[in-house]
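First the structure, in the form of C-alpha cells, and then the observations on it.
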Amino acid sequence: MTFLSFLISGISLGSIYAIIALGYTMVYGIAKMLNFAHGDVIMVGAYICFYATSRYELPPLVGVILAIIVCTILGIVIERLAYKPLRAAPILAVLITAIGVSYFLQNAALLLWSSNPKVFPSVVSSGNIPLFGGQLTISYVTLVTILACVVIMVALVWFTNKTKMGKAMRACSEDKGAAQLMGINVNGTISLTFAIGSGLAAIAGVLLCSAYPTLVPTTGAMPGIKAFTAAVFGGIGSIPGAMLGGILLGIIEIFAKAYISTQLSDAIVFAVLILVLIIRPAGLLGKQIREKV
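For the sequence shown, position 22 (counting from the first letter as 1) is numbered 212 according to our numbering, and the numbering increases by one without interruption.
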C-alpha cells in the first residue's frame with residue numbers, strides 16, 4: 191500500500207504541474223513565446239484567493255473565481271504591455287522581457303504582501319476517502335486536484351478542436367501570416383491564449399497551496415520551472431503532452447524522494463528530462479518539425 195500511496199501522491203503533484211504546463215504549452219504552441227513570468231502569475235492567483243478567503247472571509251469558491259478573473263486580466267495586460275511590442279523581435283529579447291516581468295511580479299508581491307510566510311487555508315474540505323479497509327487513504331485535495339487536471343485537459347482539447355476560436359488558435363500556430371489573410375484576428379487570438387493560460391495558473395496556484403499550505407512571494411517559482419520542464423518533457427505545444435509530462439514528472443519526483451533522496455530528487459527529475467530529450471528531442475508526444483531552407 192505504501193507504493194500505491196506514493197503513486198497517488200505523485201499523480202496529485204503531477205496534476206498540478208500539468209495544469210501549469212498547459213499554460214506554458216498553449217502560449218508557446220500559438221505565440222511561439224516562452225512566458226517565464228507564468229510561475230509568478232501562479233503566486234498572484236494564490237495570494238488573491240488567500241486574502242479573499244482569509245481577510246475578507248469570502249466563500250472558497252468565490253475566492254477561486256476572483257483569483258481566476260484577476261489572473262486572466264493580468265495575463266492580458268502582460269501580453270499587451272510586455273510581449274505585443276516584441277512580436278517581431280528576436281527570441282532573446284522576448285526571453286529577457288519575460289525574466290524582467292517575472293522579477294517585477296515577485297518584487298511587487300514583496301511590497302504588497304511582505305515576505306512573511308502565510309498559511310494558506312485549503313479551499314477543499316479536509317478529510318480522506320478510505321480504501322482497502324482503511325489501509326490506503328486519498329485526501330479530498332488530492333482527488334479534486336486529479337479531477338481538475340483531467341477536466342481541464344479534456345476541455346482544452348475540445349475547445350481547440352471543436353470551437354471557432356480554438357480553430358483560430360491552431361491556424362495562428364501553423365502560420366500567423368496566412369491566418370491573418372484569412373480574416374483571423376491574430377493579436378486577439380494571442381491575447382485570449384495568454385488569458386486562458388493565466389486563468390489556469392490561478393487554478394494551479396490555489397490547488398498547489400491547498401496541498402502545500404505555505405505561501406510566500408516566490409511560491410510559483412520552482413513549480414513554474416518544473417512545469418516548464420514537464421511541458422518540454424511531454425512535448426511543448428502539445429496539450430496531451432503537457433498533461434503526460436506533468437504527471438510523469440510528479441511521479442518521478444515523489445518516488446525519487448521516497449526511495450532515493452529528498453535532496454537529489456530535483457537532480458533526478460532534470461536528469462530524466464535530459465535523457466528523454468537525447469532520445470526524443472521533441473518530447474514524448476511532440477512532433478519533429480523539419481524546416482526547408
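Beta carbons are placed, not taken as given, at the ideal position from N, Cα and C, and that holds for glycine.
query = By how many angstroms is the C-alpha of Cys261 removed from the C-alpha of Ile255?
reply = Your numbering for residue 255 matches position 65 in the sequence shown. Your numbering for residue 261 matches position 71 in the sequence shown. Straight-line Cα distance between these residues: approximately 10 Å.
task = Kindly indicate the opening and closing residues of the beta strand (DSSP E) around Ser329.
result = Taking the sequence shown and counting its residues from 1, one reaches residue 329 at position 139. Its beta strand (DSSP E) spans residues Leu326 to Ser329.
inquiry  = From the DSSP secondary-structure annotation, give me the bridge partner or partners of Thr404.
reply    = Here residue 404 is taken as the residue at index 214 of the sequence shown, counted from 1. Looking at the DSSP assignment, Thr404 forms a beta bridge with Val309.
query = Which ranges would you report for the alpha helix (DSSP H) in the stretch 421 to 457 if only whole runs of at least 4 residues count?
reply = 429 to 449
inquiry  = Three Cβ pairs or more, each shorter than 8 Å: is that satisfied between the stretch 215 to 235 and the stretch 281 to 290?
reply    = yes
request  = Have a look at the DSSP bridge pairing and note the partners of Ile319.
outcome  = One-based indexing of the sequence shown puts residue 319 at position 129. Secondary-structure assignment with DSSP links Ile319 through a beta bridge to Ile328.
message = At the level of alpha carbons, what is the spacing between Gly324 and Leu197?
response = The residue labelled residue 324 in the question sits at position 134 within the sequence shown. The residue labelled residue 197 in the question sits at position 7 within the sequence shown. Approximately 17 Å, taken between the alpha carbons.
ask   = For Asn375, which three-state DSSP category applies?
value = Taking the sequence shown and counting its residues from 1, one reaches residue 375 at position 185. Asn375: coil per DSSP, three-state reduction.
task = Report yes if the C-beta distance between Leu398 and Ile238 is below 8 Å; otherwise report no.
result = Residue numbering aside, residue 398 sits at position 208 when the sequence shown is read from its first letter. Residue numbering aside, residue 238 sits at position 48 when the sequence shown is read from its first letter. At least 8 Å separates the beta-carbon of Leu398 from that of Ile238.
task = Specify the secondary structure class of Met223 as computed by DSSP and reduced to three states.
result = To locate residue 223, count along the sequence shown from 1; it is residue 33. Met223 falls in the coil class under three-state DSSP.
query = Which one of Gly414, Thr404 and Val341 has the shortest CA to CA distance from Gly229?
reply = In the sequence shown, residue 229 corresponds to position 39, counting from 1. Taking only the C-alpha atoms, the option nearest Gly229 is Gly414.
ask   = For Ala472, does the three-state DSSP call read helix, strand or coil?
value = By 1-based counting over the sequence shown, the position of residue 472 is 282. Reduced to three states, the DSSP call for Ala472 is coil.
ask   = Is it true that the stretch 192 to 208 meets the stretch 349 to 367, where meeting means three or more beta-carbon pairs spaced less than 8 Å apart?
value = no
request  = In the DSSP assignment, find the alpha helix (DSSP H) that holds Ala283 and state where it starts and stops.
outcome  = By one-based count along the sequence shown, residue 283 stands at place 93. Per DSSP, Ala283 belongs to the alpha helix (DSSP H) from Ile281 to Trp303.
message = Give me, in chain order, the residues of the same chain whose beta-carbon lies closer than 6 Å to that of Phe310; leave out the 5 immediate sequence neighbours on both sides.
response = Along the sequence shown, read from residue 1 onward, the residue named residue 310 stands at position 120. So the qualifying residues of the chain are Phe240, Cys399, Pro403 and Leu405.
ask   = Considering only residues of the same chain and omitting the five flanking positions on each side of Leu295, which have a CB-CB separation below 8 Å?
value = Taking the sequence shown and counting its residues from 1, one reaches residue 295 at position 105. Answer for Leu295: Ala227, Asp230, Val231, Met233 and Val234, listed in chain order.
Euclidean distance between Cα positions of Pro407 and Lys447 = What you label residue 407 is simply residue 217 of the sequence shown in a count that begins at 1. What you label residue 447 is simply residue 257 of the sequence shown in a count that begins at 1. Those two C-alpha atoms are separated by around 25 Å.
key: Span of the alpha helix (DSSP H), counted from its first residue to its last, around Thr243   = For the purposes of this step, residue 243 is taken as the residue at position 53 of the sequence shown. From DSSP, the alpha helix (DSSP H) with Thr243 extends over His228 to Ser244.
inquiry  = Quick test of your reading: Ile266 and Ser381, contact by CB under 8 Å. State the CB separation rounded to the nearest angstrom.
reply    = The count along the sequence shown starts at 1 and reaches residue 266 at position 76. The count along the sequence shown starts at 1 and reaches residue 381 at position 191. Going by Cβ atoms, the distance from Ile266 to Ser381 rounds to 5 Å, so yes, they are a contact pair.
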